[in-house]
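**Student:** Numbering (my numbering), first residue to last: 3 to 443.
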Amino acid sequence: MTLTRRSLFRQAAAGPFFVRHLLSAPPNSTLRLAAFGGGNMGFETLNGIATHPKVALAFVAEVDSARLDRLKPKYPDAKIYPDWRQMLAKEHRQIDIACVGAPDHMHAPMAVSAMNLGIPVYVQKPLAHDLFEVRAMTTLARQKNLVTQMGIQIHSRAEYRAAVRIVQSGAIGKISAVHSWSNKKWGDTALMPDRSDPVPASLHWDLWLGVASPRPYIADYYHPVNWRKRIDFGTATFGDMGCHILDPVFDALSLTAPLWVRSEGPAPGQHSWGLDNTVNFLFPGTAYTEGDRVALTWYDGDRRPAADVQAHLESHPLPDQGSIFIGGKGVMLLPHVAAPVLFPQAQFRDFPMPQTESENHYHQFVDAVLGNAKASASFHYSGPLTEAVIMGPLATRFPGTTLEWDADKLRFKNSPEATRLVHRKYRHRWGVWGLNGGKSK
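#1: So, under 8 angstroms CB-CB, Met-334 and Val-169 are touching, yes? Tell me the CB distance rounded to an integer number of Å.
#2: Contact defined as beta carbons within less than 8 angstroms: I believe Leu-148 pairs with Met-117. What is the distance between those atoms, to the nearest angstrom?
#3: Hey, out of Pro-321, Ser-265, His-206, Leu-437, whose CA is closest to Thr-299's CA?
#4: Contact check, Asp-199 vs Ile-220 under 8 angstroms by CB: the rounded distance?
#5: If you follow the alpha helix (DSSP H) that Pro-418 is in, where does it begin and where does it stop?
#6: Quick check for students: name the residue ranges of the alpha helix (DSSP H) that lie wholly in the segment 93-135, counting only runs of 4 or more.
#7: Does DSSP classify Gly-153 as helix, strand or coil?
#8: Report, in whole angstroms, the separation of the C-beta atoms of His-206 and Pro-84, which I expect to be a contact under 8 angstroms.
#9: Hey, how far is the Cα of Trp-435 from the Cα of Cys-101?
#10: What are the start and end residues of the beta strand (DSSP E) that includes Gly-293?
#11: Given that a residue counts as buried once 16 or more other Cβ atoms are within 10 Å of its Cβ, and exposed if not, what is Gln-444?
#12: Less than 8 angstroms between the beta carbons of Ala-379 and Gln-151, yes or no?
#13: Applying the criterion that 16 or more other CB atoms from any shown protein chain within 10 Å of the CB defines a buried residue, is Gln-96 buried or exposed?
#14: According to the neighbour-count rule (16 or more other Cβ atoms, all chains shown, within 10 Å of its Cβ), is His-225 buried or exposed?
#15: Could you give the C-beta distance for His-425 and Phe-134, rounded to a whole number, given that I count them as a contact under 8 angstroms?
#16: From Gly-385 to Ala-259, what distance separates their C-alpha atoms?
#17: Is the segment 390-397 touching the segment 271-287 in the sense that three or more CB pairs, one from each, lie closer than 8 angstroms?
#18: Give the DSSP-derived three-state secondary structure of Asn-282 in the structure shown.
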């Protein structure tokens, strides 16, 4: 079932649905939510939104009925579809907002299909699997003037908001470098098992594969968790945690697209991402950085910032995940998720920390649709952030190579090989208008 432009326009012409979603919903209405994904993070996402008093969960697309154990008792009236395409085709007139909590490789096909119908979307991080998909989503949101939000809920927490204010106040001076890391290990050095296992009766395996090429089911190798390790489905540790951890870095420094990216870690295997990566970026300078360039380095797995960087922390323990901002007047450690700590500690002992409050990131999206708030992680902001983040795993496929990025043309200036990975091809009959393979007929 290919969702073409003609089929979308035909659905839109059938009623007032298309126009209705280009405007803010009436403040007293109840928004009917459609969820793409009902288990694990899919449930967390739909539940976070559906707890808003102005939201009713109406429809859920979930390929594995065994993953609905938490959803069905709490939302017994929600109609369940195994195939998200059928959900949209049959129910689009009854959908006001949507959320996407499926594996990374399906974020863009699901979100763009909803956005093509004028439906505001909340999409889990990272926005998409590939650079082209992220840019397409960002562009479409702008063209249709849709309310959007990426699921980086810590963005709305008091700790991250305080860190942004500290940097932008100039308390630690202009920033010359940032070091960010995560101890997670979403990669695999083992060979893919040479076997095929029976597909569980609860799982629609072909629907789970979605836009990816067909392959045998291997128990626990992809579904329900380890897909993050696989190149065709996930985006490694960087894709999983980078959108969270680099969020306050982007926000505080007002970063734009990187000038180049370079991986110093091991190359991934044929099917799985590598482990223990170090990825370097160079960004154009901003009003909050020292000079016209600023360096950012990402570490994951067992890798961490060098001893001279950690020395700024004066024996303060290094958290499992976080960032170190190196400024001209001081240094800020921002754990994930905890309050920022400033160094030298003696210098900042009496520093008045900004008084910030946490907001409900999920409800903020709903309130923005209702016209009562602004989505703080709309695709206008989270799109460029995600592009930089998923550029990291791509760079690991070319270790030791400085990949020069042309953001306007969405290509690497010095690497046709890397540029070919910017835009993947979907399998036959899985095209979506505005993405790979979606064409009008």
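Note that CB positions come from ideal geometry on N, CA and C, so glycine has one too.
**Tutor:** Well, looking at it:
#1: Within the sequence shown, residue 334 is the residue found at index 332, counting from 1. Within the sequence shown, residue 169 is the residue found at index 167, counting from 1. Contact flag correct, Cβ pair sits at about 7 angstroms.
#2: Residue numbering aside, residue 148 sits at position 146 when the sequence shown is read from its first letter. Residue numbering aside, residue 117 sits at position 115 when the sequence shown is read from its first letter. The pair is a contact, with the Cβ atoms about 6 angstroms apart (cut-off 8 angstroms).
#3: Taking the sequence shown and counting its residues from 1, one reaches residue 299 at position 297. It is Ser-265 whose Cα lies nearest to the Cα of Thr-299.
#4: Position 197 of the sequence shown, counted from the first residue, corresponds to residue 199. Position 218 of the sequence shown, counted from the first residue, corresponds to residue 220. Confirmed, about 6 angstroms.
#5: Taking the sequence shown and counting its residues from 1, one reaches residue 418 at position 416. First-last of the alpha helix (DSSP H) with Pro-418: 418-421.
#6: 109-118
#7: In the sequence shown, counting from the first residue as 1, residue 153 sits at position 151. In this structure, Gly-153 counts as strand in the three-state DSSP scheme.
#8: If you number the sequence shown from 1, residue 206 lands on position 204. If you number the sequence shown from 1, residue 84 lands on position 82. About 5 angstroms; that satisfies the 8 angstroms criterion.
#9: One-based indexing of the sequence shown puts residue 435 at position 433. One-based indexing of the sequence shown puts residue 101 at position 99. Approximately 19 angstroms between the Cα atoms of the pair.
#10: The sequence position of residue 293 within the sequence shown is 291, counting from 1. Here Gly-293 belongs to no beta strand (DSSP E), and DSSP marks it neither H nor E.
#11: Within the shown structure, residues of the chain are numbered from 3 to 443, placing residue 444 beyond reach of any answer.
#12: In the sequence shown, counting from the first residue as 1, residue 379 sits at position 377. In the sequence shown, counting from the first residue as 1, residue 151 sits at position 149. Yes, the pair counts as a contact, with Cβ atoms nearer than the cut-off.
#13: Residue mapping note: residue 96 aligns to position 94 of the sequence shown, counting from 1. Burial call: exposed.
#14: Residue 225 sits at position 223 when you count from the first residue of the sequence shown. Buried.
#15: The residue labelled residue 425 in the question sits at position 423 within the sequence shown. The residue labelled residue 134 in the question sits at position 132 within the sequence shown. Indeed, because the Cβ distance is near 4 angstroms, the residues count as touching under 8 angstroms.
#16: For the purposes of this step, residue 385 is taken as the residue at position 383 of the sequence shown. For the purposes of this step, residue 259 is taken as the residue at position 257 of the sequence shown. If I take the Cα positions, the gap works out to 10 angstroms.
#17: yes
#18: Taking the first residue of the sequence shown as 1, we reach residue 282 at position 280. Strand at Asn-282.
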